[in-house]
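What follows is a short report on a single structure.
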Amino acid sequence: MTVIPPTNLVDETEADTRAARPARKMSRAEKRAMAVKGKLSSPWASGIAIVIAVLWTVPTFGLFVTSFRPRAEIRSSGWWTLPWNPELTLENYQEALFGSSTSLATYFLNSLVITLPAVLIPISLALLAAYAFAWIDFRGRNLLFVGVFALQVVPIQVTLVPLLSQYVSWGLAGSFWVVWLSHSIFALPLAIYLLHNFMKDIPPSLVEAARVDGAGHVKIFFQVLLPLLTPAIASFAIFQFLWVWNDLLVALVFAGGTPDVAPLTVRVAELAGTRGSQWHLLSAGAFIAMIVPLIVFLALQRYFVRGLLGGAVKG
Amino acid sequence: MDWLIRPDTTGEKLTLMVLAILLFVVVMGLILFGVDRIKRLPVWVVALGFLGPTLLFLTFGLLYPGLRTIRDSFYTNSGDAFVGFDNYVKAFTEDQFQIVLRNTLLWVVLVPLAATFIGLVYAVMVDRTRFESFAKTLIFLPMAISLVGASIIWKFVYEYRPDQGNIQQIGLANQVLVWLGLPPQQFLLNQPWNTLFLIAVMVWIQAGFAMTVLSAAIKAIPDDIVEAARLDGLGGAKMFRFITVPSIRPALVVVLTTIAMATLKVFDIVRTMTGGNFGTSVVAYEYYTQSFRAQNPAFGAALAVLLFVLVIPIVVYNVRQLRLSEEIR
Amino acid sequence: MNGLRKRRGYTAAAAAGAGLVLVLTACSGSDDDGGSGDGASSTTDCTAYEDYGDLSGKTISVYTSIVDPESQQQIDSYAPFEECTGAKIEYEGSREFEAQLPVRLQAGNPPDIAYIPQPGFLKSIVEQYPDVVVPAPQAVIDNANEYYTEGWVNYGTVDGTLYATPLGANVKSFVWYSPTAFEENGYEIPTTWDDLIALTDQIREDHPDVQPWCAGIESGDATGWPATDWLEDVVLRTAGADVYDQWVNHEIPFNDPQILEALGTVGSILKDSERVNGGWGDVTSIATTPWNEAAQPIPDGACFLHRAANFYQANWDESLKVAEDGDVYAFYLPGKTEDDKPLLGGGEFVTAFADRPEVQAFQAYLSSPEWANKKAEVTGQGWLSANNGLDPALLQSPIDKLSFDLLTDDSYTFRFDGSDQMPGAVGADAFWKQMTAWIAENQSDEETLDNIEAAWPQ
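Protein chains in written order, with full-length UniProt numbering: chain G, 1 to 315; chain B, 1 to 329; chain E, 1 to 458.
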């Protein structure tokens, strides 16, 4: 989405810019040196960055500390007093993890079984659709794209009854199938919108070249575009993963809350939602639910760092 | 073959999952194979091959329910008598609704702007520094928490204890006030500031999204542009203003739009933190209560349609951007 | 819809305790050569279940608002039925129950049985989905008439047809206090409303730094329901049970002068900064204090009185002894005079959406004393029923016993929670919200009641 140069600064066409680039390609070390020189007035920059980082982590950290404090302590003093009364316990986790008759492993498994297809299917569909919107010239393309884009705003709650009625008549209500289908449906508009934005930033010259070589749309899609889009796909996959993993409503309505299909969030909601403000369980439950998303983010994070479009676009 | 619908064991569940993915791949593969092999297909058939399943899904899962909601908003709760704009009139004449509408507008303007601004500034600050990936993880952290989880965290930050006797604060925000020598505040109660404190939670969550996308965009700014600008003597804030921001404009639009859309639909934060009391409710939450708790589905539908209407400006803006980028191309 | 939240009373503390009790009974059961009551009733004696017939291979789905850890006690209480008949109960509890049940009914995906915590909700379901709800079968009608008072049967009856029988019950007309603090200060349990107010003033006089009452109505998206209970309890006392019934059924407007008077009486406590909010702050802090923590200042001496239901017991710290001679306990919220004894309470109702024989058998089981006793046995503390076949000796906590005594004592006039009987738009929305605004935004009594009246569906 990012390679379009600002028009006010660069008058040449994109192709020219691109052609000129290899000559100026710098080594990593040079880039880094340049970056350091060109930092915004450094002390200020670091200061602001640190303030933001602190604001963004302290609340979570506070809850994390809280999750290890005994119930009575939580209620009578702040978590920051920990150094003065260092009393820690694993009891909250014990209760959150083993307080239920169904083992937490079952819920973890269900979450996994729900999440993988619910990430793969909409991303694949959205990639194909985004390709069509970006590179296949058919009539009504823009109108259709805007329509799909606008569907983002339909709240999921609106769809519950119509979809569930249909699933019931298919005899599929309460199975993984309809959870996968529903998640895919709900993810599509945003996925198409985002991926379309990445997709249309691929230099047209690349697509043209392939077309001249006689490649059809299917071939162009798989051989030219997909490799370039890997980081973008990985990035979106993270977001979709987070949304599905953290979803409660879809699972609750279409799968039902029985331990056979219910994901982890259903279990955590029982902890988090039913206890009013019983911080000792809430905090432990919240962290149990966070572990997997964090691991996934850390594992795929390098794609964000690299940039959303693959090496070919940027030198 | 019952396990295809209701798998019991771990093995069955995993098998079913793999099977579903394979099934999907095979179906899509067949469609694409067909599109590819048959020569001289009209363009729209090819497009249909790529788009068909998606459009089918969307029509069934979003378009139809959306249209049905619009219809329901013009009928009574039982859906058998047409009442015209009654439900809308009710929405707009209710006293509290002015506040709800005002809050919704505040949310949809402030959340995208603040989250994008913070995400952008942060992305620029940490770009290519030694701690980049660690620093980014910190900001991304809230994304990994569900909306309800995040609301719980912040409710804890805003906790209030009275300023009397030896009662200690347990919420960080009030403790900071006390350290500064100020009296503790009821953050969630005092209007109109409480809405801003709720908005802060959504900003806190969404800034990570903005930061990751924008950071990737910044990395894609061609080095020669940056270098040329530097040779011209641009640095620091000017570089940010004249090079960075214009270069990533398309990404900014995407981020703003995505966050605005998400904000319009969000109701979990309000629900968890104030339950819509103290003048903090938003349209999405009102829709939820009316439809599912107060058994007022028709009125709820009218509120949902208002959400559709609120999104029109965003759609129009994006259409213009789309046109613009087509022209560039 | 506050039943769901109110039931959340039976949570962590009780759960931990109850879970422990459960493990202990299970262990002792096996150690004692099956000689304990547990072994005898659940494994050997199936005679009471013979009428249900052989239901092997049949499954009954149950959908409720009762979630973990209480759900485990529910599931355990079905064990004898499952053992003796061979049927399998598929239990599903969800805190989104009230929102999801209509979705499922509308989508044609009803559970076999649902436990509905509000008569008002039951009524609207019967009206909206008459073809889906199944009237109670004869065996259930017989049980209902035999084991429940007429009032309780009526709450499960819509237009003369019995649809649902009561499951659990709770009593809300209680004031929690600290027996030790009362003893130290020489305070007596008040027996009339005036005594209660006099006691309030006495406490304030003896402890000028302390507000005698503490209260909290925060409950997530159900914030406000404890305040509605306050008003209902006071209406029963100032206007009487007949006016209460008219008010609940909207035969008199919501903002009737008698109700206005009652709200004024509530305000004389809840909106007087001399009397609230002990340990929590000023009047407005009531709106942000979680209902399940509101009474915590009592053992610390920062507050003396807290009006809450019997199920508040689950929220006390495990280290506190809940008993008349313990650290905390509750007394009956007195009426105008010593002879005037209105009692506010609530409960859930077993509603069926299928008429298969196994479903009807299970319905009958749930309305029988066998089930009530089994449930009391496996629960430990924090549960009781209005079933008069329930053996009080099985109730293990003093407050449960006291609640059961009051429920079965004819001198008390029982009334079901009013907001739970009103239409959803009032009982689960406007009533909560306006009471919250009444406290948090200092909204006037008149405006509050007028706004609720305006929300009543035409």
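The beta-carbon is built from N, C-alpha and C at its ideal position, and this holds for glycine as well.
Check for me: the beta strand (DSSP E) holding residue i runs from which residue to which?
{"i": "E/Phe414", "result": "Thr413 to Phe416"}
{"i": "B/Ile199", "result": "First-last for B/Ile199: Trp193 to Lys219, but that is the alpha helix (DSSP H), not the beta strand (DSSP E)."}
{"i": "G/Pro189", "result": "That residue, G/Pro189, is in no beta strand (DSSP E); its alpha helix (DSSP H) goes Phe176 to Met199."}
{"i": "E/Val243", "result": "E/Val243 -> not in any beta strand (DSSP E); alpha helix (DSSP H) instead, spanning Ala241 to Val248."}
{"i": "E/Val323", "result": "A small correction: the amino acid at residue 323 of chain E is Ala; Val does not occupy that position in the sequence shown. That residue, E/Ala323, is in no beta strand (DSSP E); it is neither H nor E in DSSP."}
{"i": "E/Leu344", "result": "Pro342 to Ala352"}
Tell me where the alpha helix (DSSP H) around residue i begins and ends.
{"i": "B/Lys265", "result": "Arg249 to Lys265"}
{"i": "G/Leu226", "result": "Leu226 to Trp245"}
{"i": "B/Ala173", "result": "Leu172 to Trp179"}
According to DSSP, what are the bridge partners of residue i?
{"i": "E/Gly93", "result": "E/Thr64"}
{"i": "E/Lys88", "result": "E/Thr59"}
{"i": "E/Trp213", "result": "E/Leu305"}
{"i": "E/Thr157", "result": "E/Leu162"}
{"i": "B/Phe82", "result": "B/Tyr75"}
{"i": "E/Trp176", "result": "E/His306 and E/Ala330"}
{"i": "E/Ala222", "result": "For E/Ala222, which the question treats as bridged, DSSP gives no partner whatsoever."}
{"i": "E/Ala169", "result": "E/Gly347"}
Comparing C-alpha positions only, which one of the options sits nearest to residue i?
{"i": "E/Arg237", "options": "E/Asn442, E/Lys341, E/Glu50 and E/Ala144", "result": "E/Lys341"}
{"i": "G/Leu206", "options": "G/Leu228, G/Ala187, G/His196 and G/Tyr193", "result": "G/Leu228"}
{"i": "B/Asp127", "options": "B/Leu189, B/Phe140 and B/Leu214", "result": "B/Leu214"}
{"i": "B/Ile118", "options": "G/Ile52, G/Val113 and G/Ala118", "result": "G/Ile52"}
{"i": "G/Phe297", "options": "B/Thr69, B/Ile31, B/Thr59 and B/Gly208", "result": "B/Gly208"}
{"i": "B/Gln169", "options": "G/Trp80, G/Leu109 and G/Pro155", "result": "G/Trp80"}
{"i": "G/Ala255", "options": "G/Pro86, G/Trp44 and G/Val113", "result": "G/Val113"}
{"i": "E/Tyr91", "options": "E/Ser385, E/Ser61, E/Glu70 and E/Asp282", "result": "E/Ser61"}
{"i": "E/Tyr115", "options": "E/Pro166, E/Glu150 and E/Gly160", "result": "E/Pro166"}
{"i": "G/Leu190", "options": "B/Ser281, B/Ile99, B/Met143 and B/Thr257", "result": "B/Thr257"}
{"i": "E/Thr448", "options": "E/Asp256, E/Leu320 and E/Ala99", "result": "E/Asp256"}
{"i": "E/Pro299", "options": "E/Leu320, E/Gly281 and E/Ile286", "result": "E/Leu320"}
{"i": "G/Ala234", "options": "G/Pro43, G/Val268 and G/Val119", "result": "G/Val119"}
{"i": "B/Met211", "options": "B/Tyr288, B/Asn318, B/Pro112 and B/Phe187", "result": "B/Pro112"}
{"i": "E/Leu162", "options": "E/Asn249, E/Trp152 and E/Val210", "result": "E/Trp152"}
{"i": "E/Leu366", "options": "E/Pro357, E/Val378, E/Gly380 and E/Val350", "result": "E/Val350"}
{"i": "E/Leu344", "options": "E/Ala440, E/Gln360 and E/Asp233", "result": "E/Asp233"}
Could you list which residues in chain B have their beta carbon closer than 9 Å to that of residue i, in chain order?
{"i": "E/Asp131", "result": "In chain order: nothing, as chain B lies at least about 14 Å away."}
{"i": "G/Ser124", "result": "Phe24, Val25 and Met28"}
{"i": "G/Pro43", "result": "Under the 9 Å cutoff, chain B gives no residues; its nearest Cβ is about 12 Å from G/Pro43."}
In chain G, what lies closer than 7 Å to residue i by C-beta?
{"i": "B/Thr10", "result": "Leu109"}
{"i": "E/Ala107", "result": "Val161, Leu164, Ser165 and Val168"}
{"i": "residue 333 of chain B", "result": "Since the first residue shown for chain B is 1 and the last is 329, residue 333 of chain B is missing from the structure and cannot be characterised."}
{"i": "B/Trp154", "result": "Pro59"}
Interface residues of chain G around residue i at Cβ under 8 Å?
{"i": "E/Val103", "result": "Leu160, Val161, Leu164 and Val253"}
{"i": "E/Asp317", "result": "Arg71 and Ala72"}
{"i": "B/Lys13", "result": "Leu109, Asn110, Val113 and Phe176"}
Check the Cβ of residue i against every Cβ in chain E and list those closer than 9 Å, keeping chain order.
{"i": "G/Thr258", "result": "Ser61, Glu90, Tyr91 and Glu92"}
Does the ligand GDP have a heavy atom nearer than 7 Å to the CB of residue i?
{"i": "E/Leu407", "result": "The ligand content of the structure shown is nil, which means the ligand GDP is not present either."}
Quick one: list the residues of chain B neighbouring residue i, beta-carbon separation under 8 Å, in chain order.
{"i": "G/His217", "result": "Val35, Asp36, Val46 and Phe50"}
{"i": "G/Gly62", "result": "Ile153, Phe156, Val157 and Leu172"}
Residues of chain B with CB closer than 7 Å to the CB of residue i, please, in chain order.
{"i": "G/Ala129", "result": "Phe50, Leu51 and Thr54"}
{"i": "G/Ile48", "result": "Val121 and Met125"}
{"i": "G/Phe68", "result": "Ordered by position in chain B, no residue passes the 7 Å Cβ test against G/Phe68, which lies about 14 Å from the chain."}
{"i": "G/Asp137", "result": "Val43"}
By the criterion of Cβ-Cβ separation under 8 Å, what are the contact partners of residue i in chain E?
{"i": "G/Arg75", "result": "Glu293 and Gln296"}
{"i": "B/Asn194", "result": "The premise fails here: B/Asn194 is roughly 10 Å from chain E at the closest Cβ pair, so nothing lies under 8 Å."}
How would you list, in chain order, the residues of chain E whose beta-carbon sits under 7 Å from the beta-carbon of residue i?
{"i": "B/Leu189", "result": "Thr284, Ala287, Thr288 and Ala440"}
### Query
According to a CB-to-CB cut-off of less than 8 Å, which residues of the stretch 284-298 of chain E neighbour chain G?
Hits within the stretch, in order: Pro290, Trp291, Asn292, Glu293 and Gln296.
### Near-chain B residues of the stretch 217-238 of chain E - C-beta to any C-beta below 9 Å
Glu218, Ser219, Gly220, Asp221, Ala222, Thr223 and Gly224
### Query
Using a Cβ cut-off of 9 Å, which residues of the stretch 172-206 of chain G contact any Cβ in chain E, in chain order?
Ala173 and Gly174
### Query
Closer than 8 Å, Cβ to any Cβ of chain E: which residues of the stretch 70-85 of chain B, in chain order?
Within the stretch 70-85 of chain B, the residues whose Cβ lies closer than 8 Å to some Cβ of chain E are Ser78, listed in chain order.
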